[in-house]
Each structure stands twice: as structure tokens, then as C-alpha cells.
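Take a look at the structure set out below.
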Amino acid sequence: MEKTPANIEIIEKYCKGCHICVEFCPTKVLEMKGFVASVKNLEACIKCMQCELRCPDFAIKVS
Amino acid sequence: MSQRYEIRFSGAGGQGLILAGVIMAEAASIYDGKQAVQSQSYGPEARGGASKSEVIVSDSMIDYPKATVVDALLALTQEACDKYSHDLKEGGVLLVDSDLVTKLPQGNFKTVSFPIINTAKNEVGREIVANIVALGAMVALTGVVSKEGAEKAVLARVPEAFMELNKKAFQLGYEKAIAAKA
Amino acid sequence: MSFDYDKYIRPGKLPHIWCPGCGHGIVMKGLIRAIDTLGLQKNNTAIVSGIGCASRLPGYMDFCTLHTAHGRAAAFATGVKMAKPEMNVILVGGDGDGTAIGGNHFIHACRRNIDMTYIIMNNNIYGMTGGQFSPCTPTGAKASTTVYGNPDPAFDVAKLAIGAGATFVARGTAYHATQIDKLIAEAIQHKGFSVVEILDDCPTTYGRRNKFKSVIEMMNRLKDIAVPVKAAEKMTAEQLEGKILTGVLYKEERPNYTDEYAKVIERAKK
Amino acid sequence: MAKKVAFLQGNEAAAQGALYAGCTFFGGYPITPSTEVAEVMSVELPKIGGKFIQMEDEIGAMASVIGASLTGAKVLTATSGPGLSLKQELIGYACIAETPCVIVNVMRGGPSTGMPTGPSQSDVMCAKWGTHGDHPAICLTPASVQELFEETVRAFNLAEKYRTPVMVMPDEIVAHMRERIVFPEPGELEVINRTAPSVSPAEYKPYDTSFGDVPPLAAFGSDYRFHVTGLNKGQDGFPTTKAAWVQAEEERQVRKVEANVDDIVTFEEYELADAEVAVIAYGSTSRSARFAVNEARKQGIKAGLFRIKTFWPFPDKQIAALAGKVKAFITPEMNLGMCTGEVKRCAEGKASVHGIFRVDGEPINPGQILEKIKEVK
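Chains A, B, C and D are the protein sequences, given in the same order.
Heads up: the first sequence begins at 19 in our numbering, then just goes up one per residue.
Heads up: the second sequence begins at 12 in our numbering, then just goes up one per residue.
Heads up: the third sequence begins at 438 in our numbering, then just goes up one per residue.
Heads up: the fourth sequence begins at 134 in our numbering, then just goes up one per residue.
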């Protein structure tokens, strides 16, 4: 199966900086940059969707 | 009759006096083409206690819906008689159950008595129609509604199976009141 | 594939008012996925709430939405459902709104078994008013009105619902995000009054006072205390100490109110 | 064909009036002396496919009717004093959310449980000031069984026309007495339905003032989706704290009624042309007053009656005009001076105001009023 790279969109306007996405990402793709989440290591993303699913703020879209 | 005529049915709660009043007023307003208002005093108890049902009959518009000076009073219990006879009009009519009301109030009015409840119990066969016996008597004594109108009103209010019973009760009350008055 | 939540959210209404780390947003997403799964029509679905943080949810949702008075959601919703039984009626709210001021409406909605779904986001506190204890605050916990520890015992919302006659009762948590939509979808599909309690977190007014160091610690606590009903069957009483059962806790088939009232109409028309 | 005639109790007539107006939903909670309204609705509504629900409490009953109204139904609830107090929370909600509904409140003694079977007129202020905040108030005070029917129809019309709760407040005497009633034929009395939106669902706003002070109201479960809240809201129905919007919306809500007093206020003038003393009364007390006025006229006293049919909005203009003509007002009422205060406000000292107050569970009798007429003439 060919691996297509993930696209993680973070809507900064919605992000409230709760850390949930950073903490519950099993491959540590995300980090906090200032008060909002940001992508640190996209290559590690396995598209498990945990961040999108758990984000209370509708701020992350993974595709 | 352009003057208002005030009738009060009183006794114990559960004796069907409110219905008697309603039928009298229906007779006047639906069958005889007069004006009528019926009202009652409510107590917290559904049964027992003194209860009254008032009917105002007039040829013209009725303003005040409650009794002012009562033209005709029915009292089926001593308690009701004691409580509700104070405003009976001079020259008015008082109808009481002769078995139950033994202490009669003093005043310049005509008292008629006969055993109303016992008439229902022994001669009609059902104590429950005592209110209709009383109604027949009040129709006879007051003359404020027609006998035919009142009879129609009674029959319109009772279930098919009890029509004869009620007819008989009404007729007996009517006759006994006339006899007792004489 | 990213889930398109925007399809169900009113344009321009985000970001929502909930605090960072509050699980209400996670529940709202679960509700949206459940609605999507079931294919509920927007025009034919009413979302009704009372007052409180959780009760702000309907405002974001592109449906027929009714944000009522404190505690009254179930009673308003009953009027909507009775008048238009063909509508899907979903109630959302918090623990204080639903079990204290709205307790009477809640138990009677359960008793009637009226065909609606009630999602209670239980974060053990009155968040919007600043963290006063609710009927769901654990004994001993700190709140702005129980600074010496809460002397009250807490309601078990699910038991309350079952006792009052709800015919579908489930419990999930804000941590178990993938389960939320499934529980809600099953609840909506159930014919009768269904209750889904979601154990939720309020980092701002509960976590802070009760020595939770972070949102993550609160989320992990939800993970730790939750035991699926199936798993619990194999566990001892000691093992279950301090745990809370999750999943579908109760289900029965019983005539629901609007169907029964339709029969009343038939009898009356005869 | 002869019209249908019946001998009905006031409460029964209120229920029949609601049905005539097209009511299809009743949510209630039992309370004396209003229960007959619920009883009749429970029998009649299912016959026409309507819905009756007995809720768990008074607040729930009020909530259920607002919910049902938002689906497009014409809705009714009935209660009495203590229930009215409880309902006030959601009467305010219906005011701010502009949801049409009719509340029949049968006035019994108070405060609190008071005298459940005794008549009173002491809820009239509660009709205007019972719920917190500024809001419109419409309250009708019928005086006969026929009028209770007709005014209930009118209450529905006003509720739908102005998108606001309307109260019908018979006192216990009017609600419980029985009189002959002539049922109007269908179409004989005006029946007003709420204005449906004329714009597309995408353009619809539930409080869109470009349609005037009373914006059209769509129904849940139709093609229209919208948001309803008890918070101060903008024209789109969503909460706002924007000062200018909040101010404008609050003012509009009150203006809906205040700018239309001539359409809403009704009254009856009796023997007032040459009157020197005017009795101002409402409900069953106005019947005692008419009796007293007739007696006074027989005795050569120039007395008249101004009967208030619409208590809120109060007939300010009419009473102010009357104050310039008569010497004195007599205000009999079964409370300790609620209407009297309003009459004094309107009279502005141009006529003296003499109250007759009774709160003992007994009606004010014509004799009491006649005596007062003689005293002040």
C-alpha cells in the first residue's frame, strides 16, 4: 500500500491550547507553539485521527 | 316577572344539590327562555359539610350572580338550615326535610316540610334521587320555572337507564310539596 | 478521512464558548457523528437544552434549536415532541441543569418514556456560574460553595434514569471519544426515552479546586475509572471499587408516550 | 338553523373558546379553581387530533406549551394564583422569545395557597409585574360565561397577532358560575392565525424587524430552521450582548403592545353620559357594580359604570378622560387596591378615587357599592 502523506490542518482561530491533541497523539506529531497546537513531525503521522477526534474545539482536520 | 328571583339549594356535600340547582337554572334559561345564573360555594371537602347551590332567575339581564335576599330556600340538613337561612326574604319560602330539620328558624316566611329523603328512599326506591324530589318540590313551590321545562331539564341530565326513576322522583316531589303547602 | 463537522454547524458560530480542555466539544462532535450516521434531517430534528455551559450546544448546531430556561429542557422538549411526534428530539445539558433544578422534569420524562434522547454532560459542577457543587459533585470534593469538602452524596445519573423509567440508559466519557457517537446513535434509534450520560471534565472550575494538575490528568482519570459493562462482569467487587461502568447499562422495550397518546386520539375519535 | 345553546360553567366556556380559536395543544397541571379547563381540553382535544398533556408541575406545563407553540400549534394552559407564580419564569421566556400562548388564570385568594375555593382579583398585578424584566403584558378580565368564551378567542387572536403570551383572568366567580351561552357559528368571530414567513428559509430570521414590530414566526419541523433562546437576542435569534441591539429589541417587545393599545384595549361604558360618580370595576365585581348603579339611578343618583374588559394594557386614556367629567371614582375589587392605584394614576387628582376592598373570599355585594355611591355623590 502506498503511503500518502498526511495533511494536518490546524485552525488557529479555534484552537484554545488545551494540549489534548499533543498528549494523546501516539506518535508525537504535534507540539504547542505559544498558545496553539502546531505540527512538529508530520512524517510520523499514522493518520489515526486521534487528534481530530479528541480536539474539543473543532480545530484539527486530518486528511 | 321582571324582578330577580333567588333560589338556594342547601344541604350536605354529596347530596346532589349543585346538580339540582344546575337543572333548575337550565330549565329557566334553556327551556323557558328566561335568564338564569347558577353558582355554588365550594368547600375543600367533596362529601359532607354544608353545601349550597344558588340560582338567580330573571326576565332581564342578571348582573350580580350571587344571592342578595333569598326568595326560596331548600335545606336538607339542620346544619345547612342554620347556616343559610339568615337572608331568607320576608314572605319567602323555606322547604325543609321534616325528618332532618327539626329546629326551624324564626321569621316571616312560609315553611313547607315533608320527608324528602325518605320519599326518595321508600317511595321512589333510591335515596340518591332525593335531590330530584327536592327539585320537583322547589319547582312547585316557587313557580319560577315551568313544570314541563324542569322535567325536560331533568331528563336531559340523567342517563337513559334512570329516566323513569328520576321522572317519578320529580313528580312525587312536586305533588308532595303542593300537598304540604296546603 | 477527515470528518466534515462543518456540514452540521451553523456558519460563523465557532469558536464555541467552552474553556480549553472542556469535553463538551468532544461530546458535540460525537453527537454530530451520530446524527450523520443515522442520517437525521436537519429540518426534522430539534435540539433542546436548558441553561449552563453544556446547554449552549444547540446554538452551534444547524437544526431546529431551542435554548430554554434553567432545568426546563425536558419539559419544553415534551411540548415539541407531543405537538410534532414525527420530529427527532434530542436534549442536551449539564448535570446541575438536569438533575437539580430540572430533576422533576427529568424523572417524569423518563417515566413517560417519551421518545426523545437526553445527553447529560456530567462534569460534576456548575461551571457557568463559577464552580458551585452540583447534585453530581462527589462527596468530599471541593467547589466554590464546598470549600471544606462536599458533605452531600452524589446522584448516580444512570441509576436515577433507570429508576424513573427510562428505557435506554448508557454511559460514556469524554475520554472515550470513539464510543460517544455509537452510544448516542443507539440511544436515538431506541424507541422511548433514552439517556446518555457522558462523564465530562471541567478543568476550569472543578479540576483546579480538586488538585488536578492538567486537562490531561482529568482525561486520564476518566480513562482509568471507566470499566465497560462487559468487562465488569468478570471483575470482583474489590476490583470495581472506585470504577464507573460504561456502555449500554439498561435497555427495555416499553410503550412510548406519543404512540400511546395516538391510541388515546383513536379512542376519542370513536 | 338555530344556534347551539348550552348552559355552561365559565371554565368550560374558556375551554370551548380555545377550541373555537383553533387551539390544538393544552399542557397543564391541576389546580383549583381552574381544573375544569383542563378536564374539558382532555376530552375534546384528542377528538380533533389535538394533544393534551398533564405535566409534572406548573413550570413544566408552561414549558410544554411554549415548546408546542414553536411547532406552530395554538396553545393553552390554565392555572390559578400559586401556579401563576410558578409559571412566571417561563411567561418571561415566552415574552422574550416571542412565542404566542394563552394562559387562563382563575383568580383565587392569595398570597401563597391562600383560599383555593374563594374568589379574588388579586392576580391582576402579577399579570403585568409577575415576571422579572421589562416585557409586554396583555390581560383580559371577562365578566360572564359568554364573555369568557369570546375573550378566550380574542386572547388567542392577540397572542398570535402580537407573538406574545396573553392572560385571560376570570375571578373564581366568573370561572365557576353557570350561564346560558350561545355558541358563535364558525367564522362568526374573527380567528387570527400567526403570520408565516414570506422569505425563503435561507433568508429567514425569527426576529426580523424589516417586517415590522411583530416579525413572522416559522414553525419547527417545517422547511425553516432557527434558534430560540431566553437570552437577549439579535434579529437572527442568537444571543447578543451588543448594547444597541439589546436596547432596540427590548423596546420593540414592549412597543408591540404599547403602540397598539387602541387595538387591544376594550371596555364597556354604562350610564356614563351624565354620571357624576363612576364605578370602575372588572370581572364579577362589575356585575355587582351594575346592580348598584341601577339602584342608584332609581334613587336619582347620577351614577355610571366603566367596566374594564382589558386590564392590561390598562385603559389609561379612557379613565383619564373620564376623570375630567366625573366628580368621583369608586373602585370595588377583591384585593387591597390594585386597580385603585392604577385609577389614581390615570385620574391625576382630577377626580377623587374611593376603593372598596375585600379579601375575605366573599364577593363584593351591590349593597356595599351602593352605600359608597351615596357617600361620595
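Even for Gly, the Cβ is constructed at its ideal location relative to N, Cα and C.
No experiment lies behind these values; they were computed from the predicted model shown.
With respect to chain B, the C-beta atom of residue 253 of chain D has no partner C-beta closer than 8 Å.
Taking a Cβ-Cβ cut-off of 7 Å, the neighbours of residue 37 of chain B in chain D comprise 140, given in sequence order. Per the coordinates, the alpha-carbon of residue 554 of chain C lies some 28 Å from the alpha-carbon of residue 438 of chain C. Residue environment: residue 205 of chain D is assigned as buried (16 or more neighbouring CB atoms within 10 Å of its CB, all protein chains considered).
Residues of chain C whose Cβ lies closer than 9 Å to the Cβ of residue 362 of chain D are, in chain order, 495, 496, 502, 503, 504, 505. Judged by DSSP secondary structure, residue 301 of chain D falls outside any alpha helix (DSSP H) and instead within the beta strand (DSSP E) spanning 298–301. Of all residues in the region 555–567 of chain C, none is placed with a Cβ closer than 7 Å to any Cβ belonging to chain A. For residue 445 of chain D, the enclosing beta strand (DSSP E) has its first and last residue at 443–445. Close CB contacts of residue 445 of chain C within its chain, under the 6 Å cut and outside five residues either way in sequence, are with 469, 499 (chain order). Put simply, of D/467, D/334, D/391 the residue whose alpha carbon is nearest the alpha carbon of residue 422 of chain D is D/467. In the three-state reduction of the DSSP assignment, residue 312 of chain D falls in the strand class, which pools E and B. Identification of chain C residues near residue 198 of chain D by a Cβ-Cβ cut-off of 7 Å yields 516, ordered along the chain. In the structure shown, the three-state DSSP call for residue 359 of chain D is coil.
Between residue 497 of chain D and residue 465 of chain D, the CB-CB gap stays under 8 Å. Take residue 547 of chain C, set aside five residues on each side of it, and the residues of its chain with a beta-carbon closer than 6 Å to its own are 598, 601, 602, 603, 630, in chain order. Each of D/246, D/375, D/208 was checked against the Cα of residue 233 of chain D, and the nearest Cα belongs to D/208.
Exclusion of the five residues before and after residue 86 of chain B leaves 21, 92, 107, 112 as the residues of its chain whose Cβ lies within less than 6 Å of its Cβ. As summarised for the region 323–383 of chain D, there are no continuous alpha helix (DSSP H) elements at least 4 residues long confined to that stretch. The region 569–580 of chain C and the region 650–669 of chain C do not touch, with fewer than 3 CB-CB distances between them shorter than 8 Å. A distance below 6 Å between beta-carbons, with the five flanking residues on each side excluded, links residue 125 of chain B to the following residues of its chain, in chain order: 109, 187, 191.
According to the DSSP secondary-structure assignment, residue 209 of chain D is paired through a beta bridge with D/159, D/235.
In this structure, DSSP gives residue 542 of chain C a helical state, which the three-state scheme calls helix.
When 7 Å is used as the limit between beta carbons, residue 116 of chain B is near no residue of chain D, the shortest such separation being about 21 Å. Here the C-alpha atom of residue 77 of chain A lies approximately 52 Å from the C-alpha atom of residue 301 of chain D. Residues of the region 471–483 of chain C with a C-beta atom less than 7 Å from some C-beta of chain A do not occur. Residues of chain D whose Cβ lies closer than 8 Å to the Cβ of residue 513 of chain C are, in chain order, 196, 197, 199, 200. Residue pairing by DSSP puts residue 607 of chain C in a beta bridge opposite C/633, C/685. When the beta-carbon positions are compared, residue 151 of chain D and residue 289 of chain D come within less than 8 Å of each other.
Contact note: residue 38 of chain A reaches chain C through 458, 652, 653, 656, using a C-beta cutoff of 8 Å and chain order. Listed along the chain, the chain A residues whose CB falls inside 7 Å of the CB of residue 451 of chain C are 32, 76.
Of the candidates C/481, C/585, C/623, C/529, C/623 places its Cα closest to the Cα of residue 685 of chain C.
Residues of the region 471–499 of chain D that bring their beta carbon within less than 8 Å of a beta carbon in chain B comprise 496, 498, 499, in sequence order. The Cβ atoms of residue 226 of chain D and residue 515 of chain C lie no closer than 8 Å to each other. Here the region 325–338 of chain D makes contact with the region 354–364 of chain D; the two share three or more CB pairs at distances below 8 Å. Between the alpha carbons of residue 526 of chain C and residue 162 of chain D lies a gap of roughly 23 Å. Residue environment analysis places residue 559 of chain C among the buried positions, since at least 16 neighbouring C-beta atoms fall within 10 angstroms of its C-beta.
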